[in-house]
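*Asks:* Protein chains in written order, with my numbering: chain A, 64 to 348; chain B, 24 to 455. Each residue gets a CB set at the ideal place from its N, CA and C atoms; glycine is no exception. Questions regarding the structure given below will be posed in turn.
In structure tokens form, the structure reads like this:
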């Protein structure tokens with residue numbers, strides 16, 4: 064053997080590969096990512112009567128319940144001009160995007176250990192595919208929301224005054240996605256080691272919904288308790304979402320800066336943490 | 024051979040025994056509080072305890088492979104074979120040491136990686152292909168070939184949960200068999216499916232290993248496959264390399280250790296030995312004449328001693344050899360002797376290349392005056408015959424109760440020239 068003259072393509076050692084190298088190899092596995100997303104869609108609607116239509120029915124049923132319970136029975140004030148249907152619908156689809164992807168990513172190791180333990184691929188692919196699946200679902204539901212908005216504009220004399228505000232829409236998704244991915248990855252690392260956290264997490268997500276303006280606008284929150292809702296980095300993004308789509312919401316630049324910088328921080332640190340820990344976690348999952 | 028494409032250097036892997044972590048978050052937090060914050064002595068890393076809580080699944084393993092090598096890895100359960108493959112496949116990280124390599128690596132550690140029960144065969148081919156590291160173009164190009172190899176064309180759009188287990192295995196293996204990496208890692212996955220399919224798998228394995236340039240790491244309990252398919256052998260034992268070398272030598276050493284000679288059985292006390300008041304068994308032994316283990320190529324010597332307490336008639340012994348399922352392979356009548364108060368010895372030597380590789384047992388019946396059975400010692404000796412095959416293309420179970428060496432040969436008895444072939448063709452055409 065000629066030491067030193069050997070040129071190796073790859074090396075496996077006790078330390079995990081560099082995070083940037085891991086990121087680079089994600090591209091090589093893009094087909095696996097796409098196949099996982101496709102699988103998720105196929106599986107959800109396999110052996111169902113309504114099939115892919117469930118993507119619409121699921122938020123619709125939630126919408127009906129929310130409009131009846133929170134709109135008619137409890138009567139939470141939701142603003143001056145926005146019809147309750149649009150208000151709740153927009154909240155539901157963005158919230159579902161967050162909670163479904165957050166839950167899915169948290170369960171990365173539990174749900175995919177059979178694959179992780181038998182074959183190598185960049186470990187981040189699974190959380191990414193969960194994110195993409197839910198993003199696609201969000202897009203489909205958003206199209207549905209836009210149709211309903213147009214219905215209200217044409218038949219119910221609703222004036223959202225959106226226009227230029229719509230530019231903010233992609234930023235809302237980026238912000239929510241960063242927070243979801245970052246938080247989800249950290250939760251995934253913790254739940255892989257401590258299964259008890261998983262039980263807690265379901266409750267935490269449900270509680271989080273009540274301090275996020277999903278069922279109520281930020282403007283209607285009691286001033287003495289406002290800080291609780293404002294501390295939640297999702298709050299400014301939900302308000303911005305309604306502001307850009309429906310023309311009504313409380314939007315402050317400093318709150319948005321807070322959300323985005325926290326999102327970026329959580330995303331980057333969680334990515335490094337995930338890359339460093341994932342191989343070890345597979346040993347114990 | 025070619026250049027070195029895989030180098031394993033001082034590879035070690037340590038696992039923690041028992042519960043990973045201490046179980047729950049509460050316990051870990053209190054542990055951390057006690058030992059990191061309060062600086063108490065660590066209960067886990069004290070004295071003899073620490074040695075027992077960890078296990079070295081691999082301990083300082085080093086080897087290298089040249090391009091085109093086929094490495095067979097053998098070893099008993101828990102010897103570290105799978106851990107080694109998992110590290111080279113990048114599934115788990117080593118505790119110490121490095122693996123360096125060139126080219127692409129694919130590993131087949133289970134049959135049906137990435138398969139999902141609810142998806143159709145078609146979807147699963149793509150899913151599994153991607154998971155194993157194939158590209159879209161590669162899968163599309165080989166799709167028809169994969170389906171044809173699996174032989175389940177008709178069911179390709181049926182969810183695999185409705186497949187029989189055989190169909191499932193065939194499809195799953197077909198995908199794996201069409202991988203074309205530079206380095207291929209295969210765990211014990213070929214021991215599935217029916218005999219015919221195994222034949223197909225082994226053929227494919229051989230194709231792969233013969234293709235120039237492909238390097239293979241192969242874990243198997245099928246010693247025949249290792250001996251025939253591989254160019255190098257490694258025997259792992261408790262995380263250490265016990266032996267490396269030509270696969271057939273390594274396999275032999277391994278079998279010698281594990282197919283240990285059956286120790287003779289002996290009864291010291293005539294009153295408690297099996298038998299009756301006329302005849303009792305004193306000693307039985309079975310073994311190969313020269314080797315320490317019995318293989319299809321060794322003669323098998325069976326010896327039995329009896330105490331004989333009777334007199335006044337002739338005795339002989341009926342020797343019956345039974346195969347695994349209890350079917351009789353043959354039945355021998357021994358020569359007879361005049362019974363007297365004595366110790367009698369019976370020797371039977373089964374010639375080499377008669378029995379197949381399976382378990383056999385021997386039943387002895389002692390007969391008085393060639394007609395009246397005195398006592399039957401059923402299954403008093405049993406042994407297993409190890410396989411030994413070289414230069415063959417089939418590594419599955421050899422069918423048959425026996426495997427006698429019988430001359431048979433196929434040869435060209437007459438050459439036909441082109442003209443006569445045409446005659447046959449036209450003859451066929453006329454007749455149809």
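#1: Closest Cβ-Cβ distance between residue 146 of chain B and chain A: below 8 Å?
#2: Give the DSSP-derived three-state secondary structure of residue 378 of chain B in the structure shown.
#3: Run down chain A in chain order and give the residues with a C-beta less than 7 Å from the C-beta of residue 153 of chain B.
#4: Under 8 Å, with one C-beta from each stretch per pair, do the segment 149-165 of chain A and the segment 118-127 of chain A reach the 3-pair mark?
#5: Using the Cβ count rule (16 or more neighbours within 10 Å means buried), how would you classify residue 110 of chain A?
#6: Compute the distance between the beta-carbons of residue 233 of chain B and residue 418 of chain B, then report whether it is under 8 Å.
#7: Can you tell me where the beta strand (DSSP E) with residue 325 of chain B in it begins and where it stops?
#8: Taking only the alpha-carbon atoms, compute the straight-line gap between residue 100 of chain A and residue 107 of chain A and give it to the nearest angstrom.
#9: Just to make sure I have the definition right: I need the residues of chain A whose C-beta is within less than 8 Å of the C-beta of residue 123 of chain B. Which are they?
#10: Please report how far the alpha carbon of residue 151 of chain B lies from the alpha carbon of residue 129 of chain B, in whole angstroms.
#11: Check the Cβ of residue 141 of chain B against every Cβ in chain A and list those closer than 7 Å, keeping chain order.
#12: Name the residue from B/136, B/407, B/370 whose alpha carbon lies nearest to the alpha carbon of residue 281 of chain B.
#13: For the 8 Å Cβ check, are there 3 or more pairs between the segment 186-206 of chain A and the segment 127-146 of chain A?
#14: Identify each residue in the segment 174-185 of chain A for which the Cβ-Cβ distance to at least one residue of chain B is less than 9 Å, and report them in chain order.
#15: How is the beta strand (DSSP E) around residue 83 of chain B delimited, first residue to last?
#16: Quick one: any contact between the segment 267-274 of chain B and the segment 250-259 of chain B, if contact means 3 or more CB pairs under 8 Å?
#17: With H, G and I counted as helix, E and B as strand and the rest as coil, what does DSSP make of residue 182 of chain B?
#18: Taking residue 402 of chain B and residue 319 of chain B to be in contact with their CB atoms under 8 Å, please state how far apart those CB atoms are, rounded to whole angstroms.
#19: Per the DSSP calculation, residue 144 of chain B is bridged to which residue(s)?
#20: Pull up the CB-CB distance for residue 387 of chain B and residue 331 of chain B, whole angstroms please, since I reckon it's below 8 Å.
#21: Under 8 Å, with one C-beta from each stretch per pair, do the segment 167-174 of chain A and the segment 248-266 of chain A reach the 3-pair mark?
#22: I want to check one thing, is the minimum distance from the CB of residue 257 of chain B to the heavy atoms of the ligand ADP below 7 Å?
#23: Following the continuous alpha helix (DSSP H) through residue 371 of chain B, name the residue where it begins and the one where it ends.
#24: DSSP three-state call for residue 402 of chain B: helix, strand or coil?
#25: Using 8 Å as the cut-off, can you tell me whether the segment 392-400 of chain B makes contact with the segment 299-308 of chain B, which would need three or more C-beta pairs spanning the two stretches below that distance?
#26: Taking DSSP as the reference, what is the three-state secondary structure of residue 307 of chain B?
#27: Going by C-alpha to C-alpha distance, which of B/312, B/316, B/350, B/351 sits closest to residue 372 of chain B?
#28: Just checking: is the beta-carbon of residue 133 of chain B within a distance shorter than 8 Å of some beta-carbon in chain A?
#29: If you draw a straight line from the C-alpha of residue 376 of chain B to the C-alpha of residue 338 of chain A, how long is it?
#30: Following the continuous alpha helix (DSSP H) through residue 204 of chain A, name the residue where it begins and the one where it ends.
#31: Which chain A residues sit within Cβ distance under 9 Å of residue 130 of chain B?
#32: Would you say residue 137 of chain B reaches chain A, if we count a Cβ-Cβ gap shorter than 8 Å as a contact?
#33: Taking the beta strand (DSSP E) that residue 267 of chain B falls in, what are its first and last residues?
#34: Counting pairs of Cβ atoms below 8 Å between the segment 194-202 of chain B and the segment 169-179 of chain B, do you hit three or more?
#35: Answer with buried or exposed for residue 220 of chain A, where buried requires no fewer than 16 other C-beta atoms within 10 angstroms of its C-beta.
#36: Does the beta carbon of residue 53 of chain B come closer than 8 Å to any beta carbon on chain A?
*Replies:* Here's the rundown:
#1: Numbered from its first residue, the second chain carries residue 146 of chain B at position 123. It does: the Cβ of residue 146 of chain B has a partner Cβ on chain A nearer than 8 Å.
#2: What you label residue 378 of chain B is simply residue 355 of the second chain in a count that begins at 1. Looking at residue 378 of chain B - three-state DSSP - the assignment turns out to be strand.
#3: In the second chain, residue 153 of chain B corresponds to position 130, counting from 1. Going along chain A in sequence order, the residues near residue 153 of chain B (Cβ under 7 Å) are 94, 95, 98.
#4: yes
#5: The sequence position of residue 110 of chain A within the first chain is 47, counting from 1. That one is exposed.
#6: As a position in the second chain, residue 233 of chain B is number 210, starting the count at 1. As a position in the second chain, residue 418 of chain B is number 395, starting the count at 1. The answer is no: Cβ separation not under 8 Å.
#7: Numbered from its first residue, the second chain carries residue 325 of chain B at position 302. Note, residue 325 of chain B: beta strand (DSSP E), 323-331.
#8: Locating residue 100 of chain A in the first chain gives position 37, where the first residue counts as 1. Locating residue 107 of chain A in the first chain gives position 44, where the first residue counts as 1. In a straight line, the C-alpha of residue 100 of chain A is about 11 Å away from that of residue 107 of chain A.
#9: Within the second chain, the letter at position 100 stands for residue 123 of chain B. The contacting residues are 69, 71, 73, 74, 75.
#10: Position 128 of the second chain holds residue 151 of chain B. Position 106 of the second chain holds residue 129 of chain B. Cα-Cα distance, rounded: 12 Å.
#11: Within the second chain, the letter at position 118 stands for residue 141 of chain B. Chain A residues near residue 141 of chain B: 106, 109.
#12: Position 258 of the second chain, counted from the start, is the residue given in the question as residue 281 of chain B. For residue 281 of chain B, the nearest C-alpha among the options comes from B/407.
#13: no
#14: 177, 178, 179, 180, 181, 182, 183, 184
#15: If you number the second chain from 1, residue 83 of chain B lands on position 60. Looking at the DSSP string, the run of the beta strand (DSSP E) that includes residue 83 of chain B is 77-89.
#16: yes
#17: Counted from its first residue, the second chain places residue 182 of chain B at position 159. The answer is strand: DSSP assigns residue 182 of chain B an E or B state.
#18: Against the second chain, residue 402 of chain B aligns to sequence position 379. Against the second chain, residue 319 of chain B aligns to sequence position 296. Wrong, their Cβ atoms sit about 21 Å apart, outside the cutoff.
#19: Translated into the one-based positions of the second chain, residue 144 of chain B becomes position 121. Paired residue(s): none; residue 144 of chain B is not in a bridge.
#20: Working through the second chain from its first residue, we reach residue 387 of chain B at position 364. Working through the second chain from its first residue, we reach residue 331 of chain B at position 308. With 8 Å as the limit, residue 387 of chain B and residue 331 of chain B do not qualify as a contact, their Cβ atoms being about 13 Å apart.
#21: yes
#22: Absence of the ligand ADP is noted for the structure shown, with no ligands found whatsoever.
#23: On the second chain, residue 371 of chain B is found 348 positions in, with the first residue counted as 1. First-last for residue 371 of chain B: 365-373, but that is the beta strand (DSSP E), not the alpha helix (DSSP H).
#24: Translated into positions along the second chain, residue 402 of chain B becomes position 379. It is a strand residue.
#25: yes
#26: Residue 307 of chain B sits at position 284 when you count from the first residue of the second chain. Looking at residue 307 of chain B - three-state DSSP - the assignment turns out to be strand.
#27: Taking the first residue of the second chain as position 1, residue 372 of chain B is located at position 349. Residue 372 of chain B has its Cα closest to that of B/312, out of B/312, B/316, B/350, B/351.
#28: Here residue 133 of chain B refers to the residue found at position 110 when the second chain is read from its first residue. It does: the Cβ of residue 133 of chain B has a partner Cβ on chain A nearer than 8 Å.
#29: Translated into positions along the second chain, residue 376 of chain B becomes position 353. Translated into positions along the first chain, residue 338 of chain A becomes position 275. If you take the alpha carbons of residue 376 of chain B and residue 338 of chain A, they lie about 57 Å apart.
#30: Locating residue 204 of chain A in the first chain gives position 141, counting from the first residue. Taken as a continuous stretch (DSSP letters only), the alpha helix (DSSP H) holding residue 204 of chain A covers 188-218.
#31: Against the second chain, residue 130 of chain B aligns to sequence position 107. Result: 181, 182, 183.
#32: Here residue 137 of chain B is taken as the residue at index 114 of the second chain, counted from 1. Yes, its Cβ sits closer than 8 Å to a Cβ of chain A.
#33: Residue 267 of chain B sits at position 244 when you count from the first residue of the second chain. Where residue 267 of chain B is concerned, the enclosing beta strand (DSSP E) stretches over 263-268.
#34: yes
#35: Walking along the first chain from the start, residue 220 of chain A turns up at place 157. Label assigned to residue 220 of chain A: exposed.
#36: Your numbering for residue 53 of chain B matches position 30 in the second chain. It does not: the Cβ of residue 53 of chain B has no partner Cβ on chain A nearer than 8 Å.
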